[in-house]
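Below is one structure, written out as structure tokens, with a few remarks after it.
Protein chains: 2
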Amino acid sequence: MSDRAWVAARVQGVAHVNAPRTTEVLRRQLLRDEVYDALLDMLLDQRLAPGGSLSIDGLARELGVSPTPVREALAFLEHTGLVVRTALKGYAVAPHPGAEQLGHLMEARSVLEIEALRRAVAREGLLAGRLREAHAGHEAAAAAMVDAWGPASPPPAVVMRHYFEADWAFHLSIVEASGNPYLRDMLQGLGTHLHRLVQSAGRGVTDWQAALAEHGRILRAVEGGDPDQAVAAMAEHLAGVRERAVDDTLALAGRVADRT
Amino acid sequence: MSDRAWVAARVQGVAHVNAPRTTEVLRRQLLRDEVYDALLDMLLDQRLAPGGSLSIDGLARELGVSPTPVREALAFLEHTGLVVRTALKGYAVAPHPGAEQLGHLMEARSVLEIEALRRAVAREGLLAGRLREAHAGHEAAAAAMVDAWGPASPPPAVVMRHYFEADWAFHLSIVEASGNPYLRDMLQGLGTHLHRLVQSAGRGVTDWQAALAEHGRILRAVEGGDPDQAVAAMAEHLAGVRERAVDDTLALAGRVADRT
DNA sequence: CTAGCCTCCTTCCTATAGGATCTGCGATCT
DNA sequence: AGATCGCAGATCCTATAGGAAGGAGGCTAG
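Taken in sequence, the protein lines are chains L and W. Just so we're aligned: the first sequence equals residues 184 to 443 in the numbering used here. Just so we're aligned: the second sequence equals residues 184 to 443 in the numbering used here.
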């Protein structure tokens with residue numbers, strides 16, 4: 184589904200849609216996809232404020248394209264729930280999910296991931312290998328993040344994003360190994376919302392140690408070939424993620440309330 | 184998500200996009216949504232052959248609109264998987280899912296529906312009432328369909344469609360009663376694929392008796408307040424649906440194979 | 001002097017026409 | 001026979017006109 188765009192954006196690195204197209208016009212990509220990637224980056228980076236209106240013409244001017252591809256990219260984004268469209272008023276960035284929405288999101292995620300894990304373990308396929316690989320990537324990303332964490336200076340955004348993606352890749356590898364493309368697509372659809380959440384609430388990864396430890400437990404259970412233990416470890420992990428996310432959200436809400 | 188378009192299309196009845204717009208221009212809807220509804224109807228009615236290419240200009244001419252709203256509606260449809268888009272070649276109707284895809288589809292559906300049912304029963308909310316209502320509607324639609332079934336003359340398409348929607352509404356009411364909008368949206372996303380499947384494979388409803396009986400068992404278990412029994416009944420129903428669908432698909436494949 | 005209403009203006013969305021580019025196929029030349 | 005060139009078809013993007021919705025400002029009545 185949206186794998187292509189995602190992967191493309193990640194692999195070949197966002198491709199400077201603003202660059203002047205004087206030279207090297209060879210191998211022109213589809214403009215709509217580049218606009219889509221650019222908008223997705225803006226949305227996940229919080230460069231577009233939630234609730235703010237999205238002007239088609241304004242975005243077109245900003246990106247240096249005509250309104251048509253912008254309109255198309257927005258129609259594509261509308262299906263993800265990151266932007267909403269009202270009758271004749273245009274598009275707007277979807278407001279932040281509250282605590283209730285967060286609970287629903289984590290519940291839906293649990294349903295998918297736990298059942299996917301059960302099936303992936305039962306298939307006895309290449310789950311253990313991929314999971315080990317993803318876990319190694321996650322550990323490396325965490326190490327890089329800690330390494331870049333100077334005294335009272337948060338790591339650059341690209342490092343944070345790399346950590347988030349490595350964490351997420353661990354979970355994606357499970358639904359991937361379940362062999363069911365529909366389960367994978369549904370979890371990926373939830374992924375954008377989750378990304379936005381952690382980017383907004385935490386504004387900094389504070390739970391990488393807990394996440395790595397819990398991932399490690401899942402991995403060991405899978406390697407041991409114990410489905411029930413793996414599912415239990417996954418449920419524990421998701422409960423932990425949810426609890427920590429709720430704490431962060433409440434802290435954020437408190438900060439916002441103090442400010443008013 | 185796509186509820187709006189769906190509901191609108193069903194409630195206010197597909198709104199004749201081809202109608203000449205000479206008079207009664209009052210209450211002008213968004214053209215993009217009408218095109219979307221029209222395309223969705225064409226896709227689910229098999230009026231657009233799977234694998235066939237979708238010309239933007241051709242569709243625009245056929246619907247009497249400019250290419251712009253058609254392009255937007257296609258971009259919106261692309262996210263549902265009913266149409267696919269290749270680099271610079273344009274859109275095409277997604278090919279029919281084979282037996283393997285069907286299995287994945289039913290598996291994903293089972294994951295969602297069973298867990299949603301478990302949560303809906305636990306919430307002790309208005310599930311029983313809505314479920315009873317949906318079941319009554321399903322029975323009525325089945326009766327109407329049987330009534331319209333003359334000797335060797337299938338019922339008109341609108342009656343068949345009404346039956347399908349009543350059947351599906353039973354399942355949707357469960358995820359709706361789970362209280363989780365994400366679970367509901369995900370199942371609705373699978374719904375379009377399922378619709379297309381039953382329309383293509385069965386080409387006639389042959390299992391309405393079994394479906395009604397199994398639905399009744401689910402309803403009674405819910406009314407009795409027994410979660411495990413309700414889940415068991417649902418699992419049984421989904422297994423039955425899957426088995427019958429596979430039979431139909433194999434029969435269809437056999438017919439196609441005979442023809443070649 | 002203030003509150004309500006009307007008018008104008010800016011902004012945005014919709015829709016159309018047209019130019020530029022890419023693909024596929026057939027004819028021609030080596 | 002194989003490869004190259006040219007033409008038709010389609011797609012994608014741009015540019016622009018027309019129309020509707022929302023907001024700001026001024027005018028009038030109390």
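A virtual CB, placed ideally from N, CA and C, is assigned to each residue, including glycine. Only a predicted model underlies this, so the values are computations on that prediction, with no experimental measurement involved.
E397 (chain L) and D368 (chain L) have their C-alpha atoms roughly 24 Å apart. Closest option to D350 (chain L), judged by alpha-carbon separation, among L:H321, L:T375, L:P339 and L:Y365: L:H321. The C-beta of T263 (chain W) has 16 or more other C-beta atoms within 10 Å across all chains shown, which makes the residue buried. Under the 9 Å criterion on CB atoms, F259 (chain W) is classed as interfacial with respect to chain L.
The beta carbon of L366 (chain W) falls within 9 Å of a beta carbon belonging to chain L, placing the residue at that interface.
At a Cβ-Cβ threshold of 9 Å, V253 (chain W) and V267 (chain W) do not count as neighbours.
In the displayed model, S356 (chain W) falls within a helix according to three-state DSSP. By the rule that beta-carbons nearer than 9 Å mark a contact, H287 (chain L) touches chain W. From the beta-carbon of A291 (chain L), the residues of chain W found nearer than 8 Å are N363, Y365, L366 and M369. Put simply, the backbone Cα of A305 (chain W) is about 51 Å away from that of G241 (chain W).
Looking at the DSSP output, T269 (chain L) sits in a beta bridge with L:G273.
Put simply, the stretch 331-338 of chain L does not touch the stretch 305-320 of chain L. Fewer than three CB pairs are less than 8 Å apart.
For E255 (chain W), the residues of chain L that pass the 8 Å Cβ criterion are R254, E255 and A258, in the order they occur in the chain.
When DSSP states are grouped into helix, strand and coil, S238 (chain L) belongs to the coil group. Taking each of L:Q382, L:P337, L:R302 and L:A340 in turn and checking the Cα distance to S356 (chain L), the smallest one comes out for L:R302.
According to the DSSP secondary-structure assignment, S336 (chain W) is paired through a beta bridge with W:G333. Check the Cα spacing between E359 (chain W) and each of W:A232, W:A404, W:L231 and W:G312: the tightest is with W:G312. The residue from W:V429, W:L402 and W:D409 with its alpha-carbon nearest to that of L377 (chain W) is W:V429. Within chain L, the C-beta atoms nearer than 8 Å to that of E298 (chain W) come from V294 and E298, in chain order.
In the structure shown, S361 (chain L) falls within a coil segment according to DSSP collapsed to helix, strand and coil. Remark: C-beta atoms of V248 (chain L) and L226 (chain L) do not approach each other more closely than 9 Å. Identification of residues in the stretch 218-246 of chain W having a C-beta nearer than 9 Å to some C-beta of chain L yields an empty set. Within a 10 Å sphere around the beta-carbon of V381 (chain L) sit 16 or more other beta-carbons, which makes this residue buried. A straight line joining the alpha-carbon of A404 (chain L) with that of A416 (chain L) spans about 8 Å. Membership of E261 (chain L) in the alpha helix (DSSP H) is indicated by the continuous run P250 to E261. Within the same chain, Q229 and H279 come within 7 Å of S383 (chain W) by CB-CB distance, once the 5 residues on both sides are set aside. Residues of chain W with a Cβ closer than 9 Å to the Cβ of H321 (chain L) do not exist, since the nearest Cβ in that chain sits about 25 Å away. Taken in chain order, the members of the stretch 371-385 of chain W whose beta-carbon sits within less than 9 Å of a beta-carbon on chain L are G372, L373 and H376. A residue is called buried when at least 16 other Cβ atoms come within 10 angstroms of its Cβ; E283 (chain W) does not meet this threshold and is exposed. Contact annotation: I297 (chain W) and L421 (chain W) have beta-carbon atoms nearer than 9 Å.
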